[in-house]
Amino acid sequence: MLSQACGSPIAVLNHNKPAAYFIPADTYEAMMEMIEDYELGKLVEERHGERAEAVAVSLDDL
806 MLSQACGSPI AVLNHNKPAA YFIPADTYEA MMEMIEDYEL GKLVEERHGE RAEAVAVSLD
866 DL
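My numbering puts the first residue of the sequence shown at 806, with every later residue one more than the last.
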């Protein structure tokens with residue numbers, strides 16, 4: 806069924822309402838990478854605001 810959809814999602818209906826979606830593994834993996842990149846970007850933005858509070862240390866001190 807997924808091969809016939811040519812990469813498009815397939816909806817599983819329950820009482821004529823979408824209950825689940827089937828998507829190809831490649832599409833799922835790409836979506837997960839995009840979500841991770843987005844979350845990391847938000848973390849960078851959040852921490853960029855904390856830069857004034859940063860303390861300089863040498864690698865030897867670590």
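Virtual Cβ for every residue (Gly too), placed ideally from N, Cα, C.
*Is DSSP giving Ile815 helix, strand or coil here?*
strand
*Cutoff 6 Å; reference Pro814; Cβ partners in own chain excluding five residues on either side*: Tyr826, Ile828
*Under three-state DSSP, which class holds Ala830?*
It is helical.
*How big is the Cα-Cα spacing for Lys847 and Glu858?*
18 Å
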